[in-house]
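Read through the structure below, which is laid out as structure tokens, and then see the notes.
Rendered as structure tokens:
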């Protein structure tokens, strides 16, 4: 086996053999084995069965490779020769300029495309959000008038935690919360025994309104139509009274009776200040001049812009004795001294009693 001297073993070894024994630096000269005791090798010679370091094997010429500076492994390969098990270092050739330019341009466009895709993902609404925007039957949808959003197909029930909004313009009045009663009739008696003419001894005119749920107990006046063609309003000087629209049905008669009241004035809260708190099922009592009280049950409530007031839904004919309460709501315009919206309560007569 061919070996090379260990480059790190620079310390001269002791001359333990007889005169004429080769030193490590003279290892190229064969040792005189006859000068040593039998079975003992001189220092600097290889053990029995092995060739001495740097010694030539008889019959097999062995070239002596020079030591590689800095090498720490005996038998290190000479320059240009490959050593079994040693890693081979390969040098990569640089990419041609056209290929490198193409990769840079492609990477730039790819980065721009990724950034644009990220912006679109953030700005685009999710599909599930679009589906949730569709109206659900019976669900209250908060919407501004004219905002182009979906409006519920009927008037909402109102109540705490339920936002008030307008129903679709073509929506009918809400269905009665309870079974309606037939309209009331006015009691009449003959004017005299000698006359066949009939005279009303009592009037269906409403005189008082009570709404226990919001603490209302107020006198009722009457209003008509102003010169502008709009319905009148109660006088601001009497904020605690409400007014019946006398050109329509009286409460308890067939059709929708309409009563208006202020929400507040410069002096404070007015008669219908809490009207927006009513909910489906609340009771409203209207005392009439003929001694009867018509009991109405709230069917629904809505808040609608004055510019889109549902005239047909409020004043249109119905097949029951109905009631509509109207006041202001929304945002107050200090310049015009008016509100943007109206609060409208829809109710149906479900009971009667004699006035006390």
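Numbering (my numbering), first residue to last: 1321 to 1676.
The beta-carbon is built from N, C-alpha and C at its ideal position, and this holds for glycine as well.
{"Check": "Assumed close pair residue 1529, residue 1538 - CB separation to whole angstroms, cut-off 8 Å", "Outcome": "6 Å"}
{"Check": "Proximity to residue 1573 [Cα-Cα], best of 1669, 1429, 1623 and 1475", "Outcome": "1669"}
{"Check": "Meets three-Cβ-pair contact criterion under 8 Å: the region 1588-1596 and the region 1624-1632", "Outcome": "no"}
{"Check": "Option in 1492, 1475 and 1604 with minimal Cα separation from residue 1536", "Outcome": "1604"}
{"Check": "Start-to-end residues for the beta strand (DSSP E) that takes in residue 1632", "Outcome": "Residue 1632 -> not in any beta strand (DSSP E); alpha helix (DSSP H) instead, spanning 1631-1635."}
{"Check": "Under the three-state DSSP convention, the category residue 1493 falls into", "Outcome": "coil"}
{"Check": "Exposure label - residue 1657; buried when at least 16 CB within 10 Å", "Outcome": "exposed"}
{"Check": "Every unbroken alpha helix (DSSP H) inside the region 1583-1648 [4 residues or more]", "Outcome": "1631-1635"}
{"Check": "Residues that DSSP places opposite residue 1669 in a beta bridge", "Outcome": "1616"}
{"Check": "Residues near residue 1671 by beta carbon distance below 7 Å, same chain, minus five either side", "Outcome": "1501 and 1615"}
{"Check": "Simplified DSSP assignment, three categories, for residue 1548", "Outcome": "coil"}
{"Check": "Residue 1625 versus residue 1639: straight-line alpha-carbon distance, rounded", "Outcome": "27 Å"}
{"Check": "Cβ-Cβ separation, residue 1592 to residue 1562 (assumed contact under 8 Å), whole Å", "Outcome": "7 Å"}
{"Check": "Backbone CA spacing between residue 1503 and residue 1524 [nearest angstrom]", "Outcome": "12 Å"}
{"Check": "Beta-ladder partner(s) of residue 1536, from DSSP", "Outcome": "1531"}
{"Check": "Assigned exposure category for residue 1636 - 16 Cβ within 10 Å defines buried", "Outcome": "exposed"}
{"Check": "Residue 1666 and residue 1601 closer than 8 Å at C-beta", "Outcome": "no"}
{"Check": "Beta-carbon proximity list for residue 1493, same chain, < 6 Å, skipping 5 on both sides", "Outcome": "1633 and 1666"}
{"Check": "Residue 1418 in three-state terms, based on DSSP", "Outcome": "helix"}
{"Check": "Start-to-end residues for the beta strand (DSSP E) that takes in residue 1563", "Outcome": "1562-1565"}
{"Check": "For residue 1664 and residue 1644, believed in contact at Cβ under 8 Å, the rounded distance", "Outcome": "6 Å"}
{"Check": "Reduced DSSP secondary structure (H/G/I, E/B, other) of residue 1570", "Outcome": "coil"}
{"Check": "C-beta contact flag for residue 1599 and residue 1483 at 8 Å", "Outcome": "no"}
{"Check": "Distance, residue 1559 Cα to residue 1568 Cα", "Outcome": "23 Å"}
{"Check": "Residue 1613, buried or exposed, once every other Cβ within 10 Å from all chains shown has been counted against 16", "Outcome": "buried"}
{"Check": "Residues near residue 1543 in its chain [Cβ-Cβ closer than 8 Å; skip 5 each side]", "Outcome": "1551, 1552, 1553, 1554, 1563, 1564, 1565, 1566 and 1580"}
{"Check": "Range covered by the beta strand (DSSP E) that runs through residue 1577", "Outcome": "1575-1580"}
{"Check": "Nearest to residue 1673 (by Cα), restricted to the options 1607, 1646 and 1642", "Outcome": "1607"}
{"Check": "Cβ neighbours of residue 1497 in the same chain (closer than 6 Å, five flanking residues each side left out)", "Outcome": "1600, 1601, 1617 and 1619"}
{"Check": "Exposure of residue 1419, with buried meaning 16 or more beta-carbon neighbours within 10 Å", "Outcome": "exposed"}
{"Check": "Neighbourhood of residue 1650 by C-beta distance below 6 Å, restricted to the same chain and skipping five residues each side", "Outcome": "1659, 1660 and 1661"}
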